[in-house]
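Taking my numbering, the leading residue of the sequence shown gets -17, the next gets one more, and so forth.
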Amino acid sequence: MQEKILITGAGGQLGFVLTLKLQEKFGVDHVIATDLYSKVGFSGHFETLDATDFQKLESIVIKHNITQIYHLAAILSASGEKTPTMTWDLNMKTLINVLEVSRIHEVNKVFFPSSIAVFGANALKDNTAQDQFLLPSTIYGVSKAAGENWANYYHQKYRLDVRSLRYPGVIGHESLPGGGTTDYAVDIFHKAIDNKPFECFLSASTLLPMIYMDDAIRATIELMDAPKENITIRSSYNLAGMSFNPNQLFLRIRNTYPEFKINYKPDFRQQIADTWPNSIDDSKAANDWGWKPKYDLEAMTESMIKNLKLKQ
Ligand code: AKB
């Protein structure tokens, strides 16, 4: 069967790269990229979509005979704290619209991104477990934890094939993040390449789980390609790449840019980061569908610098 793919939030950090990957996998004509804002940087089908608008979403699903939806539109952790009720409304309404349209129109598969933000200060920091009780500290985390339950519910009740990953902070050279607590780990590279000092909004020792874009995209595709019977978790899978703190990343970048300077000015994002894990136990993903990250801090830094330099 020829798949027809719909992506929401295609203009976002992950959405942009995932759209290109899905176009490569399924063919440009079989991918419909959508975003609230107008088309950015990719060829192929694009529709402007506010995914809180069920009728517009449904009309796109019908018009293109959509068989899979990747629902990436969301407000992230740091931005979300500025407008909690709006963040809840947008993150939940768009997800429920996607689940509902998928149920009604018998969409084959749905992907919903969750996040390490579902974990709160109560969780064990190291190797945080898959089934850790979730007590998120941000409204973004609250919306993702609720979203995981909605996903699980639609699978239980309607057998909708919805799959999900708890992404760590994603680092890539292709696109810029916006509104997250882990964004510093991308911003720092842009400053280093431009020979400018970097002001870090987290303290030097804030250890967080991160993943390189190539690994994040590969994990998404591998999860979606896995046989249905292998998927034992219908809320969201823990996913790990690497863990590091700003000082470790800074020292790594300094190997290439010895003059690079950093100063630390923690702001409200520090309190968010302090409630998140240091590292993640992703053994369920490894056992169920063979997940194994390829990039560690060294390989990621090398690839980021090489690719950003090519764009200069
Ligand atoms: C954020 O920092 O909000 C995101 C995330 C970890 O989900 N990058």
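For every residue, glycine included, the Cβ atom is placed at its ideal position computed from N, Cα and C.
Keep in mind the model is a prediction, meaning the values are calculated, not measured.
Residue i: CB within 7 Å of a non-hydrogen atom of the ligand AKB
i    : result
I121 : no
Y149 : yes
L116 : no
V89  : no
G162 : yes
I98  : yes
S59  : yes
V124 : no
V168 : no
V152 : yes
Where the alpha helix (DSSP H) through residue i begins and ends
i     : result
M195  : M195 to D207
R251  : F250 to A255
F(-2) : Q(-5) to F8
E130  : I121 to Y140
E280  : L279 to L292
I170  : Y166 to I175
G62   : S59 to G62
S265  : S265 to W271
Range of the contiguous beta strand (DSSP E) that encloses residue i
i      : result
I14    : V13 to D17
S217   : Here S217 belongs to no beta strand (DSSP E), and DSSP marks it neither H nor E.
S97    : K91 to S97
I153   : G151 to I153
T30    : H27 to T30
F180   : F180 to C182
T(-10) : I(-13) to T(-10)
Residue i burial status per 10 Å Cβ neighbour count (16 or more: buried)
i      : result
G9     : exposed
T65    : exposed
F171   : buried
M68    : exposed
T214   : exposed
T30    : exposed
K247   : exposed
N47    : exposed
F226   : buried
E280   : exposed
Q(-16) : exposed
E130   : buried
L106   : exposed
DSSP three-state assignment for residue i, whether helix, strand or coil
i    : result
I48  : coil
M192 : strand
V80  : helix
R145 : strand
N104 : coil
F36  : helix
T225 : The identity of residue 225 in the sequence shown is Ser, whereas the question assumes Thr. In the structure shown, S225 sits in a strand (DSSP, three-state: E or B).
E241 : coil
I233 : Here residue 233 is Leu; the residue named in the question, Ile, does not match the sequence. Correct three-state label for L233: helix.
I42  : helix
I213 : coil
T69  : helix
Residue i beta carbon near the ligand FMN (any heavy atom closer than 7 Å)
i    : result
N104 : Summarising the ligand content, the structure contains the ligand AKB and does not contain the ligand FMN.
How about the stretch 223 to 235 and the stretch 154 to 161: do they share at least three Cβ pairs that are nearer than 8 Å?
no
Cβ pair count under 8 Å reaching 3, the stretch 174 to 187 against the stretch 116 to 134:
no
Cβ contact (3+ pairs, closer than 8 Å) linking the stretch 79 to 90 and the stretch 251 to 262:
no
Is the stretch 219 to 226 touching the stretch 257 to 264 in the sense that three or more CB pairs, one from each, lie closer than 8 Å?
yes
Does the count of Cβ pairs from the stretch 274 to 293 and the stretch 192 to 209 closer than 8 Å reach three?
yes
Does the stretch 92 to 102 come into contact with the stretch 142 to 156, if we say contact requires no fewer than three beta-carbon pairs (one atom in each stretch) closer than 8 Å?
yes
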